[in-house]
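K.L.:
One structure, as structure tokens, below. Some questions next.
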Amino acid sequence: MSDPLQARGVDFHCHLDLFPDFEAAIARAERAQVYTLSVTTTPKAWKRNLELTKDTRFVRAALGLHPQLAAERADELPLWEALLDQTRYVGEVGLDAGPKYYRSLDRQKLIFGAILRRCAGTGGKILSVHSIRSVPIVLDMIAQYLPPGRGKVVLHWFTGTKAEAARAATMGCYFSVNAAMARSERGRAIVSSIPPHRILTETDGPFTQSAGRPAEPADALQTVESIASVRHLPIKDATNLVLDNLRDLLTV
Ligand code: MN
57 MSDPLQARGV DFHCHLDLFP DFEAAIARAE RAQVYTLSVT TTPKAWKRNL
107 ELTKDTRFVR AALGLHPQLA AERADELPLW EALLDQTRYV GEVGLDAGPK
157 YYRSLDRQKL IFGAILRRCA GTGGKILSVH SIRSVPIVLD MIAQYLPPGR
207 GKVVLHWFTG TKAEAARAAT MGCYFSVNAA MARSERGRAI VSSIPPHRIL
257 TETDGPFTQS AGRPAEPADA LQTVESIASV RHLPIKDATN LVLDNLRDLL
307 TV
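Each number in the numbering used here corresponds to the 1-based position in the sequence shown with 56 added.
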């Protein structure tokens, strides 16, 4: 594996496989030298993600089962479990208690619980976790099933309260911040309140926009500038902070 510090930036949550041209999206992330976690939404998408990222310098693939798909894809959990040994990275996983997915929350919890327990059992995994309207339950489940030292959690697009962010930080969680968070007042309050050594960047492309088109890894560099502004840091220091945090996250 290449030294992540040779990267220019970090996009720790991007759906590269949902871009119209997956291979071109990977090539652009490589050219931009942005360390990118290519998250997946179903284990059926894993094989191609692994094939296309096994020799990349900066792009890594994560094995996921998205909470918004959990209800209809519960039968893919055994496949997810069977593939877990092939990667260190897990995501997108978590819970979504927003109005559209609230009905499947019980099934989501069964799946997320199984995923956390399996990750704790194998050890050494790094998870990108979705927690829409469910931060307290997500944190309770992490505390219960994934004890410190058995895995690391990055909370993706965190939309909880400052108190919930503080609890997550105490539990050792990282936060991947995107441009949409940096644009909202609430998001900026989170960015200013979380411990600096837990901040990462992400795009969640193609689900966020940059300059009127789907955001992609190179756009994560913009978010570093927003973090610099919110935290009153020189851009260079914010860049180094995010890269140092990535190195710490990746260090066992
Ligand atoms: Mn996502």
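The beta carbon of each residue, even a glycine, is placed where N, CA and C say it ideally should be.
Computed from a predicted structure; not experimentally measured.
Relative to the C-alpha of isoleucine 255, which residue among Pro273, Gly261, Ile283 and Ala236 is closest?
P.N.:
Ile283
K.L.:
Is serine 190 near alanine 153, with beta carbons less than 8 Å apart?
P.N.:
It is a contact, given that the beta carbons lie within the stated cut-off.
K.L.:
Is histidine 212 helix, strand or coil when you go by DSSP?
P.N.:
strand
K.L.:
Who pairs with arginine 116 in a beta bridge, going by DSSP?
P.N.:
Leu93
K.L.:
Specify, as a first and last residue, the run of the beta strand (DSSP E) that aspartate 67 falls within.
P.N.:
65-70
K.L.:
With a threshold of 7 Å on Cβ separation, who are the neighbours of aspartate 131 within its own chain once the five nearest residues in sequence on each side are excluded?
P.N.:
Scanning its chain for C-beta atoms nearer than 7 Å, with the 5 sequence neighbours on each side dropped, one finds no residue around aspartate 131.
K.L.:
Are there any heavy atoms of the ligand MN lying less than 7 Å away from the beta-carbon of glutamate 148, as far as the coordinates show?
P.N.:
Checking the 7 Å criterion, the Cβ of glutamate 148 is within range of a heavy atom belonging to the ligand MN.
K.L.:
Helix, strand or coil: which one does DSSP assign to serine 248?
P.N.:
Secondary structure at serine 248: helix, using DSSP grouped into helix, strand and coil.
K.L.:
Here's a check: name, in chain order, each residue in its chain whose Cβ is nearer than 8 Å to the Cβ of glycine 180, leaving out the five neighbours to either side.
P.N.:
Arg144, Gly207 and Val308
K.L.:
With DSSP as the reference, label threonine 257 as helix, strand or coil.
P.N.:
strand
K.L.:
Output the boundary residues of the alpha helix (DSSP H) element that contains serine 285.
P.N.:
Segment 276-286, the alpha helix (DSSP H) holding serine 285.
K.L.:
Among Glu86, Gly177 and Val194, which residue has its Cα nearest to the Cα of leucine 166?
P.N.:
Val194
K.L.:
Would DSSP call serine 58 helix, strand or coil?
P.N.:
Since pLDDT at serine 58 reaches only 49, below the 50 mark, its modelled position is unreliable, and no value is offered.
K.L.:
For the ligand MN, is there a heavy atom less than 7 Å away from the beta-carbon of phenylalanine 263?
P.N.:
yes
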